[in-house]
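In what follows, a structure is listed as structure tokens, so that the remarks can point back to it.
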Amino acid sequence: MKNKILILAGDGIGPEIVTEAVKVLDCLNTKHRLNLELNHALIGGAAYDQFQTPLPTSTLEAARDADAILLGAVGGPKWESLDISVRPEKALLGLRSELALFANLRPAILYPQLADVSSLKPEIVAGLDLLIVRELTGGIYFGQPRGIRILANGEREGYNTYVYSESEIRRIGRIAFESARKRDGRLCSVDKANVLEVTGLWREVMDELSKDYPDVELSHLYVDNAAMQLIRAPKQFDVMVTGNMFGDILSDAAAMLTGSIGMLPSASLDQAGKGMYEPIHGSAPDIAGKNIANPLATILSLAMMMRYSLDLPEVADEIDLAVGRLLDQNLRTEDIYSAGCNCVSTQQMGAALIKELH
Ligand code: NAD
0 MKNKILILAG DGIGPEIVTE AVKVLDCLNT KHRLNLELNH ALIGGAAYDQ FQTPLPTSTL
60 EAARDADAIL LGAVGGPKWE SLDISVRPEK ALLGLRSELA LFANLRPAIL YPQLADVSSL
120 KPEIVAGLDL LIVRELTGGI YFGQPRGIRI LANGEREGYN TYVYSESEIR RIGRIAFESA
180 RKRDGRLCSV DKANVLEVTG LWREVMDELS KDYPDVELSH LYVDNAAMQL IRAPKQFDVM
240 VTGNMFGDIL SDAAAMLTGS IGMLPSASLD QAGKGMYEPI HGSAPDIAGK NIANPLATIL
300 SLAMMMRYSL DLPEVADEID LAVGRLLDQN LRTEDIYSAG CNCVSTQQMG AALIKELH
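Take the sequence shown: its position 229, counted from the start at 1, is 228 in the numbering used here, and no numbers get skipped.
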């Protein structure tokens, strides 16, 4: 059966890094006869320039039709003064909610070869391999009512609603338990159950779910303690699951532990396993067009696509291992460079990877 992959290069360094990832896809497609059909569409600022909207209907339809989506990044100074409703970043929120991509999977992996680029001591982070599962379409970012109102005394008051239904908690919980099952079998659920009723319910539902996963060891942490533990001893964690806002903050902190924004992939999945795969970084306008961006986060996103949407774990492993071998050869783009290594361009890194895969 043919799998349709939609490629959304986006803005800034997006087209540069996605070009290298597409070469990898083409290479694997031919080598393993994967029967992948690649289609391309515009998104973000590039789409706005042509269609006056960052998420044209044609792109949304192509996304609905695809089995998996590879996204570069969107945004940049050119579009910053636009009305918020048509800013490039709006396209991402639109895609996530239109495609019901409620589960955000963000691995924080520190290849031992890169331990010295982290701001933490190498012994604390070397070999870190943590997966954060963040709920992406609910919680306080979407709860109603929300807004800013004027009180009787004339003062302004801002308010949001933190709400999760049982079914929303259960579906993200299942993804987290299943992910832990495929890894080291340990899941830590993060909440603020001592203060917020909504996360008290979160904890109850996670406990109920754990009965279906006796092989997974479930623990709970309050979010403030989880933040401390992430910095103190991050290697104690295997999989963490949490709501939208806590996940937003913790996953960025975890990413920074690795010290290399250019190395971290992510996946956003729907109920059926269809997903959008993208590096966690943005469009890096400061280095766009210079052929120095690190393409590995995008290429590692492809590995996640193979694992989670296309059910090709061996191909995913092949990509992951090839990236490890490039690092063993001391090939580094500028963002992960350290003394004594060989500094390479975006295209050189991509070409070296293709050579490894052949
Ligand atoms: P950014 O992630 O684009 O860049 C932060 C820093 O990291 C920059 O110094 C950049 O040069 C560097 N960097 C990022 N990716 C890199 C890579 N692959 N290789 C080497 N260095 C890399 O964050 P920002 O500067 O805050 O945002 C720039 C634009 O990207 C903004 O318009 C923002 O809204 C957008 N953005 C988009 C996404 C997305 O598309 N998913 C995510 C975050 C930010």
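Cβ atoms here follow ideal geometry from the backbone N, Cα and C, with glycine treated the same way.
Note that this is a predicted model, so its numbers are computed, not measured.
inquiry  = Can you check which of these residues, 7, 337, 16, 2, is closest to residue 288 by C-alpha distance?
reply    = Between residue 288 and the set 7, 337, 16, 2, the nearest pair of CA atoms involves 16.
Cβ-based burial, residue 322 [other Cβ within 10 Å; buried from 16] = buried
Same chain only: Cβ atoms within 6 angstroms of residue 210, ignoring 5 sequence neighbours per side = none
request  = Look up residue 128 in the DSSP assignment and give the residues it is bridged to.
outcome  = 108
query = Comparing the CB of residue 23 with every heavy atom of the ligand NAD, is any distance shorter than 6 angstroms?
reply = Result no, Cβ not under 6 angstroms from the ligand NAD.
query = So, using beta-carbon positions, are residue 327 and residue 302 closer together than 7 angstroms?
reply = no
7 angstroms Cβ cutoff met for residue 345 and residue 20 = no
inquiry  = Can you tell me whether residue 19 sits near the ligand NAD, meaning its C-beta is under 6 angstroms from at least one heavy atom of the ligand?
reply    = No, since every heavy atom of the ligand NAD falls outside the 6 angstroms radius drawn around the Cβ of residue 19.
request  = Can you say whether residue 357 is buried or exposed, counting buried as having 16 or more other CB atoms within 10 angstroms of its CB?
outcome  = exposed
ask   = Cβ of residue 267 within 6 angstroms of any heavy atom in the ligand NAD?
value = no
key: Nearest-angstrom beta carbon gap, residue 189 and residue 249 [assumed within contact, 8 angstroms]   = 7 angstroms
key: Whole alpha helix (DSSP H) elements within the stretch 39-121, 4-residue minimum   = 44-50, 56-64, 89-97
ask   = Ends of the alpha helix (DSSP H) at residue 233?
value = First-last for residue 233: undefined, no H or E at that position.
Residues that residue 158 bridges to, as DSSP identifies them = 146
query = Taking DSSP as the reference, what is the three-state secondary structure of residue 343?
reply = coil
query = How is the beta strand (DSSP E) around residue 241 delimited, first residue to last?
reply = 238-241
task = May I ask you to list the residues that DSSP assigns as paired with residue 219?
result = 188
key: Local conformation of residue 264 per DSSP, three classes   = strand
ask   = Relative to the C-alpha of residue 109, which residue among 122, 143, 72 is closest?
value = 122
message = If you follow the alpha helix (DSSP H) that residue 30 is in, where does it begin and where does it stop?
response = 13-30
query = Is it true that the stretch 233-248 meets the stretch 127-140, where meeting means three or more beta-carbon pairs spaced less than 8 angstroms apart?
reply = These segments touch.
query = Cβ of residue 72 within 6 angstroms of any heavy atom in the ligand NAD?
reply = Answer for residue 72: yes, Cβ within range of the ligand NAD.
ask   = Looking only at its own chain, which residues have a Cβ that is under 6 angstroms from the Cβ of residue 68, when we skip the five neighbours before and after it?
value = 5, 62, 275
Cβ pair count under 8 angstroms reaching 3, the stretch 147-160 against the stretch 74-93 = no
Inter-residue spacing [alpha-carbon to alpha-carbon] between residue 334 and residue 38 = 30 angstroms
message = Can you tell me whether residue 226 is helix, strand or coil according to DSSP?
response = helix
query = Taking 6 angstroms as the line, does the beta carbon of residue 66 fall inside it for any heavy atom of the ligand NAD?
reply = Because no heavy atom of the ligand NAD lies under 6 angstroms away, the Cβ of residue 66 does not count as near it: no.
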